[in-house]
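I have placed the structure first, in the form of structure tokens, so that the comments after it can refer back to it.
2 protein chains.
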Amino acid sequence: MIELDDTHDPARTSWLASANTPDCDFPLQNLPFGRFMLPQDHAPRLGVAIGDCVLDLAVLGHDAPADMTELLTASAASRRTLRALLCRALTQGSPRQGQYRAALYPLNRVRLLLPCAIENYTDFYAGIHHARAVGSLFRPDAPLLPNYHWVPIAYHGRASSLLPSGSPVKRPLGQVKHAAEDSPQLRPTAKLDFELEVGIIIGRPNDLGSPIPIDEAASHIFGLTLLNDWSARDIQAWEYQPLGPFLAKNFATTLSPWIVTLEALAPFHAPLARPEEAPTLPYLDHDEDRRHGAFEIALEVSLSTARMRQAGETPARITSSHFARAAYWSAAQMVAHHTINGCNLRPGDLLGSGTLSGPTRDQAGSLIELTEGGKTAITLPNGEARRFLEDGDQVIFTGKATKDGFRSIGFGACVGEILPCPQYALPRD
Amino acid sequence: MIELDDTHDPARTSWLASANTPDCDFPLQNLPFGRFMLPQDHAPRLGVAIGDCVLDLAVLGHDAPADMTELLTASAASRRTLRALLCRALTQGSPRQGQYRAALYPLNRVRLLLPCAIENYTDFYAGIHHARAVGSLFRPDAPLLPNYHWVPIAYHGRASSLLPSGSPVKRPLGQVKHAAEDSPQLRPTAKLDFELEVGIIIGRPNDLGSPIPIDEAASHIFGLTLLNDWSARDIQAWEYQPLGPFLAKNFATTLSPWIVTLEALAPFHAPLARPEEAPTLPYLDHDEDRRHGAFEIALEVSLSTARMRQAGETPARITSSHFARAAYWSAAQMVAHHTINGCNLRPGDLLGSGTLSGPTRDQAGSLIELTEGGKTAITLPNGEARRFLEDGDQVIFTGKATKDGFRSIGFGACVGEILPCPQYALPRD
Numbered sequence: 000m001i002e003l004d005d006t007h008d009p010a011r012t013s014w015l016a017s018a019n020t021p022d023c024d025f026p027l028q029n030l031p032f033g034r035f036m037l038p039q040d041h042a043p044r045l046g047v048a049i050g051d052c053v054l055d056l057a058v059l060g061h062d063a064p065a066d067m068t069e070l071l072t073a074s075a076a077s078r079r080t081l082r083a084l085l086c087r088a089l090t091q092g093s094p095r096q097g098q099y100r101a102a103l104y105p106l107n108r109v110r111l112l113l114p115c116a117i118e119n120y121t122d123f124y125a126g127i128h129h130a131r132a133v134g135s136l137f138r139p140d141a142p143l144l145p146n147y148h149w150v151p152i153a154y155h156g157r158a159s160s161l162l163p164s165g166s167p168v169k170r171p172l173g174q175v176k177h178a179a180e181d182s183p184q185l186r187p188t189a190k191l192d193f194e195l196e197v198g199i200i201i202g203r204p205n206d207l208g209s210p211i212p213i214d215e216a217a218s219h220i221f222g223l224t225l226l227n228d229w230s231a232r233d234i235q236a237w238e239y240q241p242l243g244p245f246l247a248k249n250f251a252t253t254l255s256p257w258i259v260t261l262e263a264l265a266p267f268h269a270p271l272a273r274p275e276e277a278p279t280l281p282y283l284d285h286d287e288d289r290r291h292g293a294f295e296i297a298l299e300v301s302l303s304t305a306r307m308r309q310a311g312e313t314p315a316r317i318t319s320s321h322f323a324r325a326a327y328w329s330a331a332q333m334v335a336h337h338t339i340n341g342c343n344l345r346p347g348d349l350l351g352s353g354t355l356s357g358p359t360r361d362q363a364g365s366l367i368e369l370t371e372g373g374k375t376a377i378t379l380p381n382g383e384a385r386r387f388l389e390d391g392d393q394v395i396f397t398g399k400a401t402k403d404g405f406r407s408i409g410f411g412a413c414v415g416e417i418l419p420c421p422q423y424a425l426p427r428d
Numbered sequence: 000m001i002e003l004d005d006t007h008d009p010a011r012t013s014w015l016a017s018a019n020t021p022d023c024d025f026p027l028q029n030l031p032f033g034r035f036m037l038p039q040d041h042a043p044r045l046g047v048a049i050g051d052c053v054l055d056l057a058v059l060g061h062d063a064p065a066d067m068t069e070l071l072t073a074s075a076a077s078r079r080t081l082r083a084l085l086c087r088a089l090t091q092g093s094p095r096q097g098q099y100r101a102a103l104y105p106l107n108r109v110r111l112l113l114p115c116a117i118e119n120y121t122d123f124y125a126g127i128h129h130a131r132a133v134g135s136l137f138r139p140d141a142p143l144l145p146n147y148h149w150v151p152i153a154y155h156g157r158a159s160s161l162l163p164s165g166s167p168v169k170r171p172l173g174q175v176k177h178a179a180e181d182s183p184q185l186r187p188t189a190k191l192d193f194e195l196e197v198g199i200i201i202g203r204p205n206d207l208g209s210p211i212p213i214d215e216a217a218s219h220i221f222g223l224t225l226l227n228d229w230s231a232r233d234i235q236a237w238e239y240q241p242l243g244p245f246l247a248k249n250f251a252t253t254l255s256p257w258i259v260t261l262e263a264l265a266p267f268h269a270p271l272a273r274p275e276e277a278p279t280l281p282y283l284d285h286d287e288d289r290r291h292g293a294f295e296i297a298l299e300v301s302l303s304t305a306r307m308r309q310a311g312e313t314p315a316r317i318t319s320s321h322f323a324r325a326a327y328w329s330a331a332q333m334v335a336h337h338t339i340n341g342c343n344l345r346p347g348d349l350l351g352s353g354t355l356s357g358p359t360r361d362q363a364g365s366l367i368e369l370t371e372g373g374k375t376a377i378t379l380p381n382g383e384a385r386r387f388l389e390d391g392d393q394v395i396f397t398g399k400a401t402k403d404g405f406r407s408i409g410f411g412a413c414v415g416e417i418l419p420c421p422q423y424a425l426p427r428d
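Below you can see the structure in the form of structure tokens.
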């Protein structure tokens, strides 16, 4: 585990006032990395979020990383050095204030990109309450399959359709077969859903054929993001046997703009939802990970409908959950499992945690759970009802790592708005 | 469909004698594209296979494509122009013979790479005989699921572990649970298998949110390769529910070195294994594709064991199959299906066909089918028996497009050798 140092000191404040407000996601203790562009730019810049601004890492001059890969693959020591340097320079009273202030851009004036180029995206299924709840809808006789407690279940997602927060999501077309029908039809999905996940960004790679042992796994993780694994439940139900979800998921996956580093998260380690005494194969078992493999991250999902925005109403919170109360497997276990067969992880690769539903229904991380498969609508404060997402709905994820005695740090929002299904002209012979 | 022209004329011969031998994979009529490096190179070169040589595309001077993406995304007209130009220059009596001869390198003196950079890899399941045979082993009660005849089933594979032909493959470790056991153990797979597939390489991309109609799908396909989707059956059986195969497949996937273009394959169109009258949703249905959606490509798998190589014996053919007799879905249907939800395909993306087993057991494209799940060993000419692959086994795929009245064209071999499972030290607490 990464040791605490004076960059985690909650008493430390910045000369940038917006970083010191209590509800700010990006205080001095966070310093998450991302990529952004100014209106005139042709290539991404590397940045660090601080208060309501982004700091252009070009301020580091000769020491600035050439690209995100250099940052992702840096040694633990140089990551620590960079964090300490940025923290000092942004601290109240720093002699570098003038130089650094000139490299700040207001967040609302820049375009935020995916935080890094992502070659491969794997989605895990580590949220045990979600696995049980959704399993009971798809397979009432066997909600949690016998392998669940042994295997960190995962499948490969689609890297090409990963989107930065704020990108719209078009309602997908797909094959849907209603129970009363003999054959499927091509339809816009009527069961569009979100999935509340945490994304794990890989830093240092491993060679093909060389597993990463569990006791080294954390050193291959750069940091965490929020992730919305949009899902079309009706398409999924018809297509997913026997090889898993495909078109039900790969039309879009939205990522929050900042990678919150493991260094920043060091104060927030917590036990997993897996009981410490649960039997685990040795390659997935490590004492420290067993006791502190999760993080104290509170997660929230809010919905803003077109009608709510027209009426000037604020988004309505529809669920809240928590990483540590939901995750049966740790990020380190996901890395150790993913590579045990020799599979190679690349810098910037993304691992989704799986939907992080809490143990009770009001903590569910997807609508299919909140509405019992669409049976029971949820009602929004303005009286609108939702079973699944409608066109114009905006889904907003937020996350906050919180612990007594430490400054809370946030992830920045992961936002997507549903656009209508595009008109589709069938081909002519 | 691409029209035939004089580049398909079987009477045309090359000034390079090796291109004119009857069993040569790379006659003048083929001209497949790939990437290679000379011993002193630091970056890949683009090449075309001809006879026993590779032609460095730098010979085109100012007209040489800057990289494979430029070639992949070229218009149909410019692809046709390039093919005609290369064909003429390599034809007997060409005035460019001297210039082109200077750009030839013997194939056995260069290192062949993956034919293009591949961002995304999707594996389909279009071989209906394989789907039925393997389905009956994993699910005796429901070998072919109800969605099979409607949905071109697919899942996302792993791009990072794609390997060029000739790369060794280490036997993977993984969780395996024997029927008599209460819990799984970490073991080297004892059921290592190959899967005989054709790879489809995407040329022109589509935008996220914009499906490719079936009547335009072929124009987004650059060409075909051979593909070995190595599989660990014991790992697969334990892990694959409910989200599909993961570690059972993603340790390695081997690709043949050359992309045989749709232009070169134009004479070899053939009906699919799907009956013309089978009901199909309109977005997957197109008259031309229904009648000629497959290709006359004969496929063979040979095995060379360590003992055979020691004794100087040639590899033994263990199965032979045929694209058109095996594939229920066409490459165009795979493209139309993959994008119907708006998913974006990128230049160089790879679609695997799925295992192309023929209708009878001796035409099976995997050992699990040839040996009925490992029950009945196959016997090699030297008396060795195989249920699954053993260390030192070399698996060799070849493919040949053949039709009366046309010059046969080949794919080059797709080869991989199994290395022992690496020693793995369990982590200490």
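Same order as they appear, the protein sequences are chains S and H. Under numbering that gives the first Met the number 0, the residues of the first sequence are numbered 0 to 428, in order. Under numbering that gives the first Met the number 0, the residues of the second sequence are numbered 0 to 428, in order. For each residue, glycine too, the CB sits at the ideal point set by N, CA and C. Here the structure is a predicted model, which is why all the values come from computation and not from measurement.
Contacting positions in the region 153-174 of chain H - beta carbon closer than 7 Å to chain S = Going along the region 153-174 of chain H in chain order, one finds 153, 154, 155, 156, 157, 158, 159, 160, 169, 171, 172, 173, 174 with a Cβ nearer than 7 Å to chain S.
Along chain H, which residues have their Cβ under 9 Å away from the Cβ of residue 197 of chain S?
-> The residue labelled residue 197 of chain S in the question sits at position 198 within the first sequence. Going along chain H, no residue has its Cβ under 9 Å from residue 197 of chain S, so there is no contact; the nearest lies around 18 Å.
Residue 156 of chain S versus residue 96 of chain H - alpha carbon distance = On the first sequence, residue 156 of chain S is found 157 positions in, with the first residue counted as 1. On the second sequence, residue 96 of chain H is found 97 positions in, with the first residue counted as 1. Distance between the alpha carbons of residue 156 of chain S and residue 96 of chain H is about 48 Å.
Check whether the region 323-342 of chain H touches the region 284-298 of chain H, counting contact only when three or more Cβ pairs, one atom from each stretch, lie closer than 8 Å.
-> These segments touch.
Grab me the residues of residue 3 of chain S's own chain with a C-beta within less than 8 Å of its C-beta, minus the 5 sequence neighbours each way, in chain order.
-> The count along the first sequence starts at 1 and reaches residue 3 of chain S at position 4. Excluding positions up to five away in sequence, the list reads 265, 266.
Mind pulling the chain H residues with CB within less than 8 Å of residue 343 of chain S?
-> Translated into positions along the first sequence, residue 343 of chain S becomes position 344. Residues of chain H passing the Cβ test: 159, 160.
Using a C-beta to C-beta distance shorter than 7 Å, which residues of chain H count as neighbours of residue 250 of chain S?
-> Position 251 of the first sequence, counted from the start, is the residue given in the question as residue 250 of chain S. Simply 340, 341, 342.
Proximal residues of chain S, C-beta to C-beta of residue 238 of chain H below 8 Å | Along the second sequence, read from residue 1 onward, the residue named residue 238 of chain H stands at position 239. Chain-order list of chain S residues neighbouring residue 238 of chain H: 146, 150, 152, by C-beta distance under 8 Å.
Within 10 angstroms of its Cβ, does residue 289 of chain H collect 16 or more other Cβ (buried), or is it exposed?
-> Reading the second sequence from its first residue, position 290 is the one you call residue 289 of chain H. Classification of residue 289 of chain H: buried, given that the 10 Å Cβ count is 16 or more.
Skipping 5 residues on each side, what residues in its chain have a beta carbon closer than 8 Å to that of residue 345 of chain S?
-> For the purposes of this step, residue 345 of chain S is taken as the residue at position 346 of the first sequence. Within the same chain, residue 345 of chain S has close Cβ partners 118, 119, 201, 204.
What residue range is occupied by the uninterrupted alpha helix (DSSP H) comprising residue 32 of chain S?
-> Against the first sequence, residue 32 of chain S aligns to sequence position 33. Residue 32 of chain S -> not in any alpha helix (DSSP H); beta strand (DSSP E) instead, spanning 32-36.
Since residue 174 of chain S contacts residue 14 of chain H with CB under 8 Å, what's their CB separation in whole angstroms?
-> By one-based count along the first sequence, residue 174 of chain S stands at place 175. By one-based count along the second sequence, residue 14 of chain H stands at place 15. With a contact defined as Cβ atoms closer than 8 Å, residue 174 of chain S and residue 14 of chain H miss out at about 53 Å.
Beta-carbon gap between residue 229 of chain S and residue 245 of chain S smaller than 8 Å | One-based indexing of the first sequence puts residue 229 of chain S at position 230. One-based indexing of the first sequence puts residue 245 of chain S at position 246. Their beta carbons are not under 8 Å apart, which means residue 229 of chain S does not touch residue 245 of chain S by this criterion.
Sequence-distant residues of the same chain with beta carbon closer than 8 Å to residue 382 of chain H, five excluded per side = Reading the second sequence from its first residue, position 383 is the one you call residue 382 of chain H. Excluding the 5 residues flanking it on each side, residue 382 of chain H has no same chain C-beta neighbour closer than 8 Å.
What residues of chain H sit near residue 280 of chain S, judged by a beta carbon separation below 9 Å?
-> Taking the first residue of the first sequence as 1, we reach residue 280 of chain S at position 281. Going along chain H in sequence order, the residues near residue 280 of chain S (Cβ under 9 Å) are 174, 182, 183, 184, 185.
Could you tell me the distance, in whole angstroms, from the CA atom of residue 199 of chain S to the CA atom of residue 207 of chain S?
-> In the first sequence, counting from the first residue as 1, residue 199 of chain S sits at position 200. In the first sequence, counting from the first residue as 1, residue 207 of chain S sits at position 208. Whole-angstrom Cα-Cα distance: 20 Å.
For residue 327 of chain S and chain H, any beta-carbon pair shorter than 8 Å?
-> Numbered from its first residue, the first sequence carries residue 327 of chain S at position 328. No, its Cβ sits nowhere closer than 8 Å to a Cβ of chain H.
By the 10 Å Cβ neighbour count, where 16 or more other Cβ atoms means buried, how is residue 138 of chain H classified, buried or exposed?
-> Within the second sequence, residue 138 of chain H is the residue found at index 139, counting from 1. Exposed, since its Cβ has fewer than 16 Cβ neighbours within 10 Å.
Residue from H:60, H:9, H:310, H:136 whose Cα sits closest to the Cα of residue 366 of chain H = Residue mapping note: residue 366 of chain H aligns to position 367 of the second sequence, counting from 1. Taking each of H:60, H:9, H:310, H:136 in turn and checking the Cα distance to residue 366 of chain H, the smallest one comes out for H:136.
Return the first residue and the last residue of the alpha helix (DSSP H) that residue 71 of chain S is part of.
-> Numbered from its first residue, the first sequence carries residue 71 of chain S at position 72. DSSP places residue 71 of chain S inside the alpha helix (DSSP H), whose first and last residues are 67-71.
Can you find a C-beta in chain H that's less than 8 Å from the C-beta of residue 350 of chain S?
-> Taking the first sequence and counting its residues from 1, the one referred to as residue 350 of chain S is at position 351. No, residue 350 of chain S lies away from the interface with chain H (no Cβ there is under 8 Å from its Cβ).
How is residue 389 of chain H classed by DSSP in three states: helix, strand or coil?
-> On the second sequence, position 390 is the one that residue 389 of chain H refers to. Looking at residue 389 of chain H - three-state DSSP - the assignment turns out to be coil, as it is neither helix nor strand.
What residues from the region 220-245 of chain H come within 8 Å of chain S, judged by C-beta to C-beta, listed N to C?
-> Those would be 231, 234, 237, 238, 239, 240, 241, 242, 243, 244, 245, in chain order.
Evaluate residue 182 of chain S with the Cβ neighbour count: other Cβ atoms within 10 Å of its Cβ, from every protein chain shown; 16 or more gives buried, anything less gives exposed.
-> Residue numbering aside, residue 182 of chain S sits at position 183 when the first sequence is read from its first letter. Exposed: under 16 other Cβ atoms inside 10 Å.
Three-state secondary structure (DSSP) of residue 227 of chain H = As a first step, residue 227 of chain H is located in the second sequence; it is residue number 228 there, counting from the start. DSSP places residue 227 of chain H in strand when its eight states are reduced to three.
Using a Cβ-Cβ cut-off of 7 Å (strictly less than) and excluding sequence neighbours within five positions of residue 85 of chain H, which residues of its own chain qualify?
-> Position 86 of the second sequence, counted from the start, is the residue given in the question as residue 85 of chain H. The answer, listed in chain order, is 30, 47.
Using a beta-carbon distance below 8 Å, is residue 118 of chain H in contact with chain S?
-> Working through the second sequence from its first residue, we reach residue 118 of chain H at position 119. Cβ-Cβ to chain S under 8 Å: yes for residue 118 of chain H.
Tell me whether residue 407 of chain S is buried or exposed, calling it buried when 16 or more other Cβ atoms sit within 10 Å of its Cβ.
-> Counted from its first residue, the first sequence places residue 407 of chain S at position 408. Buried: at least 16 other Cβ atoms inside 10 Å.
So is residue 177 of chain S buried or exposed if we call it buried at 16+ other beta carbons inside 10 Å?
-> Locating residue 177 of chain S in the first sequence gives position 178, counting from the first residue. In the assembly as shown, residue 177 of chain S is an exposed residue. Its beta-carbon has fewer than 16 other beta-carbons within 10 Å.
By the criterion of Cβ-Cβ separation under 9 Å, what are the contact partners of residue 421 of chain H in chain S?
-> Translated into positions along the second sequence, residue 421 of chain H becomes position 422. Within chain S, the residues near residue 421 of chain H are 208, 209, 210, 341.
Is it buried or exposed for residue 260 of chain S, if we count other Cβ within 10 angstroms and need 16 for buried?
-> Mapped onto the first sequence, residue 260 of chain S falls at position 261. Result: buried.
Does DSSP put residue 266 of chain S in a helix, in a strand, or in coil?
-> Position 267 of the first sequence, counted from the first residue, corresponds to residue 266 of chain S. Note: residue 266 of chain S maps to helix in three-state DSSP.
List the residues of chain H that residue 124 of chain S touches, going by C-beta distances under 7 Å, in chain order.
-> Looking up residue 124 of chain S in the first sequence gives position 125. Within chain H, the residues near residue 124 of chain S are 242.
Contact set for residue 255 of chain H: own chain, Cβ-Cβ below 6 Å, skip 5 residues either direction | To locate residue 255 of chain H, count along the second sequence from 1; it is residue 256. Taken in chain order, the residues that qualify are 164, 224, 225, 410, 411, 413.
What three-state label does DSSP hand residue 155 of chain H in the structure shown?
-> Walking along the second sequence from the start, residue 155 of chain H turns up at place 156. If DSSP states are grouped into helix, strand and coil, residue 155 of chain H belongs with the strands.
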